[in-house]
Structure formats: structure tokens, C-alpha cells
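Participant: From first to last, the protein sequence lines stand for chains Z and V. Position one of the first sequence corresponds to residue 1 (the working numbering), numbered consecutively onward. Position one of the second sequence corresponds to residue 1001 (the working numbering), numbered consecutively onward.
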Amino acid sequence: MNNADTAIEFHDVGFTLPDGKTLLSNLNLRVQEGETLVLLGRSGSGKTTTMKLINRLIDPTAGEVRVEQKPTTDWDPIRLRRRIGYVIQEIGLFPHLTVEENIGVVPRLEGWAPERVRERARALLSLVGLDADRFAERFPRELSGGQRQRIGVARALAADPPIILLDEPFGALDPITRREIQREFKSLQRELKKTMIFVTHDIAEAFVLGTRIALLKDGQLVLLDVPAALLRSAHPEARAFAECFYDAQSTGSSG
Amino acid sequence: MSLAEFLSRNVGELVTLTLEHLFLVAVSTGIAILIGVPLGILLTRKPALSKPVLGFANIMQTVPSLALFGFLIPLNIYLFHVKILGGIGARTAIVALVLYALLPIIRNTFTGIRSVDPAIRDAGRGMGMTDRQLLFQVELPLALGVIIAGVRVATVICVGTATIAAAIDAGGLGRYIFRGLRANDNVLILAGAVPAALIAIAADLALGYFERTIQLGRRTRRSAKKIIIASVAVLCAIILIVYFVVGGSSGRIAVGSKDFTEQVILGEILAQTIENITRLQVTRRFDLGGNLAHEALVAGEIDTYVEYTGTALLAILKSQPITDPAEVLRRVKQDYAERFKVEWTEPLGFNNTFAVLVRGDDANKFNLKTISDAAKISPQWRAGFGQDFMSRADGFPGFARTYGFHFAEIREMDLSLTYRALAEKQVDLIAGNSTDGLISRYRLVQLEDDRHYFPPYDAVPVIRRVTLEQHPEIRAALRQLSGILSVAEMRKLNYAVDGEKRPAREVAREFLETKRILR
């Protein structure tokens, strides 16, 4: 691996709450430009904490997180966050803004001309497969879960950030819509070639979308490798997820 | 007279009072918004402050309004030579109303912002919004419905509380209510209360509609934003202009009065005498409740009003009761000069003390002349006394002890109702005011205080020394009023206003004309 291609780097990173509870310890990993790293783990394993360390919603209590070779603590948090797209579960859309206004939030913060913001929002709507004329003026509550999630992705892409963080973006969707969106997202990935960090607890999703998988357990990195390697690993946590994957496959084929 | 009849005859006055009322409410609510919303926002940023600030606002709401006025009037705070706090009139009323309106606005701003979904806040921060952008683009728009609900509560509180502003000469519909309470006139009370209630309902409906519109979002949102910005701008302008102008009547003589009929008539007598003899401009600041007339005099908000020697001695100087009239006058003269730089001029001539009253036919039948005469037959009698008489230092306990009264029954009721109760034979003896017009109307007889139990309540104009120094001609004018009013005459004047419903101004002018002070 070449340093110049490193988008994000964790160096001995730990995060401990003021009350002494450790959420993450001794984390070392590198994310290559253009790859999609999936953070996989159970609830409470430290996935979301890892994510928030990247866009400086929190600062590490030990070690250093580097984004584009620069420690996050040296970045102006506002500048840093505007270079990083952020998708969280559907609830993250602003309920008082229309679809078009939601997508245009970061471009507007960046001071784009209104006409340009509008065009960009419409272009992104088509990119995520929604008809701009039909959806631009709607409010989030008037959309289905899948539509909201597509808007969430479109919003993260709005200012064309080199890095995108996705925190269980498809978690609240029904299985069928979920498969659909994953497929669309996959092709979007190929088209855009962004660096993505994708948090999930669904191993099937991790397999479909991840270039590599980082498996976390109790705030520790258990495994960091290509998806196929996870199935071969002897680590008990990796085996647990692998079994889950096989179960889903067999029920899928028998059913 | 029915309510409809009264209102149709007094449309002009009703409109004026309603406008005054709306003005008080709009300015107070406006200031409360300008203070409360930023304060509520601050609390969300510094949650440690929320307990003391909300606690303070909570306490302010529980302070009785007259107590609050009493605290505010003596204040004398200037900003760039403009008085911003203290005194009587709209300024103080507005300050008090703002204090009452603050709590719901601060609390709703605070909880409205706090209840924005943390995930939405995280999304905003994660997208690179600064704290300011998060506040104005996400938190405030989402909390707006809750904030407006708070403004709605505050407005309704203000509409109700503003009726009390009449107690410190700030105008509004409370004038009718206070006048009605004084004269025991339900039509007058309703003439103030009904329009006030209608304003409250209208304000509640209008803001409720606004609140729903905002929550619905959609296209009305932008116009709502414009309406808010425009109304805030207009409010700021009105507040700035008006707040500093109100009560600015310098260079005139301000005559005050307490809040009962006799006082308003005496206020008119003082005002018209000064106007006609000295040719000075006079401002009338009547109907000041409780001891507010005294507070206003000491604070320099009014220059003169008529005080009673006994009230000054007991309620203001807090001395023990003294019964010798000359001694009481000497004491209050001396103490007022030293403590308040206020001068007592010459007595008007009548003594408005407690009058122990019985029906005329009873007085004849039992040959009653003095209170001692009545004490002998009191075990068969029922007495009716006002709450005030039952509790004050020169009231019932000492009275009963001095004369040895043992009544069959004592009924405690509103003072104004005791006269009718006596006339209708529900009670046999009452303690009224010696100048009350109802005494002659119901043919009641006042028994002589033969043991000199009651302190004298001689009516005397009091005036600030500074005013006399600047306008020595006022002293000569007031001297003309010396000894001019007997108890019987005062009763007649009171009855002309309370009983015959004639305006105090006219009654006072007629009286001064018959005394050849006005020509």
C-alpha cells in the first residue's frame, strides 16, 4: 500500500467516555482512496464511534485519525465535514425542508448560487433514480422509506465530497427495497469512485458492497480483509457472522 | 342600564380603552419575545443556566401584580437620560407584564429546541453546519411551532393581567373593571371584562391558526417567515418609539388619586383648582391602587394628592393609633417633612373615619346617640363588617374591647355590601365610611364615637416640597380649599357619582362653582 493513496488512517486510536467507559481501543487501519470499507459488527461494537471520529463529531482520546494525511485535530471541523458526505438512517433528513432543499443543504452552506444548487439537486435526483419533477417539491414525510434513503444518499453527494460516510443507511428498510437499493448503490459506487466507509451489522450487505471488511468486537478490530477472507477466518466473532451468512443463503435457496 | 346600552353610549371611550389595552399587550408581549427567545436559545447552549433562569421566571409569575407595582414604582433608572424603569403609568405596567410573559416564552423556546431529534442535529453537524447555521436553519425552524405556542400563552396572560394596569394609571379595559368594583356596578365590570375576554379569545385563535400553519410547512412557510421578520421589525420600532415617550409629561403638575370614588372627586377638585387659579398645566393620574399614590408621590411621579391623616399614620408611617386629630396631624406633618420631603397643606374639613351605622328607625326606637348606647343592646344584634375592618389595627378587636360589644352574630362581607345588608335588615349595625353617599340614601344614622376609639382620618392635600418651591403659587391655590368640605357635603358628592352615575369631573366643577372657587 502506498501512502499517497491513503484517504483515511487510524493510528493507535482509542476513545473513552468521560465516565471511563471505553468504546474503542487501539484501532489501526488505512482506507485507500476509492475503496469501500465496511465496518461490520454487532450493536455497541464501536462502528458508529469509528465513523464519528472521521468527521470529528468526536475527537480521539488516544492516538490519531488522519484524513488526507492530516490529523483530524488539525482540521477545521466545519471544513473537514464539508469534504465528507454523511448519510445516516432516514431520520436525518430535515423534516421542514423539501427534497430539493434537503439535497441542497451543503452546496448552500458552501455559498453556491441558487440556480446551481437547484440544478445540482435535480441532477442528483435522477442519479438516484427519482423523477426530479415529481419529487423536488415534496417533504420527507410524503416519501416512502426507500425514497427517503435515496434522497439521503443524494444529499451526501451534493457538494461532490471525496469521502462519504454511511451509517447503517439502509437499516430501516424492508428486505426487498433493501436489496434493490443495495444494487443501485453498487452501480453508483462504480460510477463515482468515492472513498466510502459503510457501517452495517448485516453481513450480506457487507459482502455485496465492501471492497474490504473491518470486523469490530467490543471496540477492538478483529479482522481487516477482503470479504472472502472473513468466511475462512478462525476467529469466533468472524465464524459467528459467517454462520449467519450461510444460514441466510440456505434459507434463501430452500425458500 | 344594560351592558349593551352602556357600551353603545360609551363607544368612544370603549375604543380608546381597548386600544390602550391592545397597546399594553402588544408592546409587553413584543418585549417578552425579544428577551425570552434569545434567552431560551442561550439556555440550550448553557444548560447549567436553565435552572436559575427558569426558576426566576417562575417566581416572577407568582408575585402578585400590586406587590410588583409597589416594587417597581420607586425605582429610578435612567439610560441616556431617559427613564427606563420606575414610576407610574404604562412604562411600569409594561415592565410588570413583560415579567409575567417571560416564563412561557423562555420555557417553550428552550424545550422546543431541546426536543429537536438528536439524529437531525447530528445530521446537520455532520454535514458541516456551524452552531449558528444549525440554530437558524434547523433548530429554530423545527422549534417554531412550540415557540409560537409559548407566545400564545404569554399573550393571553398579558391580556388578562393588563386589566390590573389601570391601578397605576396605565389605562386599558381595567379602568372599567376597577370603576365597577368600586361602585359595586356589575354593568361597568362587564364592560371591561367582556371586551378583555374577547381580545384574549381572538388572540388565542389567531396565534393558534398561525401555529398550525407553521407546523403544516408547505408553501405557507416562506410567507410565515416573512410575517415573522416583518412583525419583529415593526414591534422593535414601536417599542423603541413608544416606550421612551410614555409618561413623558414633564413641566406639568401631576395630580394623583387613590382608587375610590371620593378620591377621584378630590383629585378633580385639586386639579381644577390648580388649573384655574395658577394657570399651570395639570396631568391627572387617578385610580392608583393600594398605597401606590404614596409611592408615586415619593418617586416624583405625581406632585400632589389627597391623603388621610389616619392612613398616613397607620398604613404608611406604621405608628400606633392616636386619637387626637391635632396630634395626628402634627405627627404626620413632621414625619413626612423629614422622611419624604412632602408637605401637608391645610385640611379640607371633613373626617372620613369609620362610621358606626344603624337604621334610622332603630336609632329612634332605642334612642341611640352614641356607640356606647348601642353596646348595651348589642347581645340581641347582628353586625356586618368588611374584611378590612375585621383585621386592621384600629379595627374590630379594639373596638369591641373599648365599648364592650358582644354581638349575637358577626357577618364578614364586602364593605360595599354591608350598607344594603343593613337597609334590608339582614344585619343591625355596620362600620362604614363616614363620607359614603349611601348613608343618606338609606337614611342611616352615624353613632357618635364617644370614647374616641377611631383615629381621625382628616382629608388633607399632600404635596412635594420641590413642587412648592418651583411653583409657590400652588400653595395659595390650595389654601382656598381649606375647610371647604363638610362630611355631609362629601357624602353628597360621593352619592352624585356612585348613586346618580354622574362624571366626577362635572360633580367637582359644580361644587367648586358653588363655592366660588371657579367662576
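Built from N, CA and C at the ideal position, the CB exists for glycine as well.
1) Do V:L1448 and V:T1353 have their CB atoms nearer than 9 Å?
2) Apart from the five residues on each side of it in sequence, which residues of its chain come closer than 6 Å, Cβ to Cβ, to Z:I164?
3) Using a Cβ cut-off of 9 Å, pull out every chain V residue sitting near Z:V67, in sequence order please.
4) Can V:A1337 and V:E1343 be called in contact, C-beta distance under 9 Å?
5) Using a Cβ-Cβ distance cut-off of 9 Å, determine whether V:I1189 contacts chain Z.
6) So is V:V1507 buried or exposed if we call it buried at 16+ other beta carbons inside 10 Å?
7) Does any C-beta atom of chain Z lie closer than 9 Å to the C-beta of V:A1196?
8) Taking C-beta to C-beta, are V:D1288 and V:I1168 nearer than 9 Å?
9) Taking the beta strand (DSSP E) that Z:L221 falls in, what are its first and last residues?
10) Let's test the definition: count the other Cβ atoms within 10 Å of the Cβ of Z:F139 and tell me whether it reaches 16, buried, or not, exposed.
11) In three-state terms, what does DSSP make of Z:D19?
12) Would you kindly work out how many angstroms separate the C-alpha atoms of V:Q1061 and V:V1098, rounded to a whole number?
13) V:L1439 and V:A1355 look like a contact to me (Cβ under 8 Å); what is the Cβ gap, rounded to whole Å?
14) Please check if any C-beta of chain V sits within less than 9 Å of the C-beta of Z:G92.
15) Quick one: what's got a C-beta closer than 8 Å to V:Y1495's C-beta in the same chain, skipping five residues either side?
16) Three Cβ pairs or more, each shorter than 8 Å: is that satisfied between the stretch 1195-1207 of chain V and the stretch 1051-1070 of chain V?
17) What does DSSP give as the partner residues of Z:L215 in its beta bridges?
18) Going along the chain, which residues of its own chain have a beta-carbon closer than 7 Å to the beta-carbon of V:R1114, five neighbours each way excluded?
19) Quick one: what does DSSP say Z:K70 is sitting in, helix, strand or coil?
20) With the cut-off set at 9 Å, would you say V:F1110 and V:I1148 are in Cβ contact?
21) Where does V:S1249 land, buried or exposed, given buried means 16+ other C-beta within 10 angstroms?
22) Taking the beta strand (DSSP E) that V:K1258 falls in, what are its first and last residues?
23) Under 7 Å Cβ to Cβ from V:V1497, same chain only, skipping five residues before and after it: list those, please.
24) Enumerate, from N- to C-terminal direction, the unbroken alpha helix (DSSP H) stretches of 4 or more residues contained entirely within the stretch 98-141 of chain Z.
25) How would you list, in chain order, the residues of chain Z whose beta-carbon sits under 7 Å from the beta-carbon of V:G1128?
26) For chain Z, is any of its Cβ atoms less than 9 Å away from the one on V:V1037?
27) Beta carbon of Z:G46, beta carbon of Z:L29: below 9 Å?
28) With DSSP run on the structure shown, which of helix, strand or coil describes V:D1414?
29) Look at V:L1102 and V:A1057 and say whether their C-beta atoms are less than 9 Å apart.
30) Throw me the rounded Cβ distance for the V:R954 and Z:L57 pair, which I believe falls under 8 Å.
31) Which of the residues in the stretch 1251-1282 of chain V, read from start to end, lie with their CB under 8 Å from any CB of chain Z?
32) What distance in whole Å lies between the Cβ atoms of V:L1207 and V:T1278, which are believed to be in contact at a cut-off of 8 Å?
33) Does the contact criterion of 3 or more C-beta pairs under 8 Å hold for the stretch 1324-1339 of chain V versus the stretch 1363-1378 of chain V?
34) I need the DSSP call for V:F1231, collapsed to helix, strand or coil.
35) Assess, as a yes-or-no matter, whether the stretch 118-134 of chain Z is touched by the stretch 87-101 of chain Z under the definition of 3 or more beta carbon pairs within less than 8 Å.
36) Is it true that the CB of Z:I88 sits closer than 9 Å to the CB of Z:G152?
Facilitator: On the basis of the coordinates in this document:
1) Residue 1448 of chain V is actually Glu in this sequence, not Leu. Going by C-beta atoms, V:E1448 is not nearer than 9 Å to V:T1353.
2) G85, A156, K194 and M196
3) In chain order: nothing, as chain V lies at least about 13 Å away.
4) yes
5) Chain Z contact via Cβ: absent.
6) buried
7) Chain Z, which has no Cβ nearer than 9 Å to the Cβ of V:A1196, makes this no.
8) For the sequence presented, residue 1288 of chain V should be read as Leu rather than Asp. Yes, they are a contact pair.
9) Q220 to D225
10) buried
11) DSSP places Z:D19 outside both helix and strand once states are collapsed to three, so it counts as coil.
12) 10 Å
13) Note that residue 1439 of chain V is Ile in the sequence shown here, rather than Leu. Yes, V:I1439 and V:A1355 are in contact; Cβ-Cβ is about 7 Å, under 8 Å.
14) yes
15) G1437, L1438, S1440 and R1441
16) no
17) Z:L40 and Z:L223
18) T1044
19) strand
20) Taking 9 Å as the Cβ cut-off, V:F1110 and V:I1148 do not qualify as a contacting pair.
21) Residue confidence is low: V:S1249 scores 47 on pLDDT, short of 50, so the model does not pin down where it sits. Its coordinate-derived value is still stated next. By the neighbour-count rule (16 or more Cβ atoms within 10 Å), V:S1249 is not buried but exposed.
22) I1253 to K1258
23) T1261, I1265, A1504 and V1507
24) 99-103, 105-109, 114-127 and 132-135
25) I78, R81, R82, V106 and L109
26) no
27) no
28) If DSSP states are grouped into helix, strand and coil, V:D1414 belongs with coil.
29) yes
30) Residue 954 of chain V is absent from the structure shown; chain V starts at 1001 and stops at 1519.
31) Against chain Z - using a Cβ distance shorter than 8 Å - the stretch 1251-1282 of chain V contributes no residues.
32) Not a contact, Cβ separation roughly 50 Å.
33) no
34) Reading off the sequence, residue 1231 of chain V comes out as Ser, not Phe. The answer is helix: DSSP assigns V:S1231 an H, G or I state.
35) yes
36) For Z:G152 and Z:I88, yes; Cβs fall inside 9 Å.
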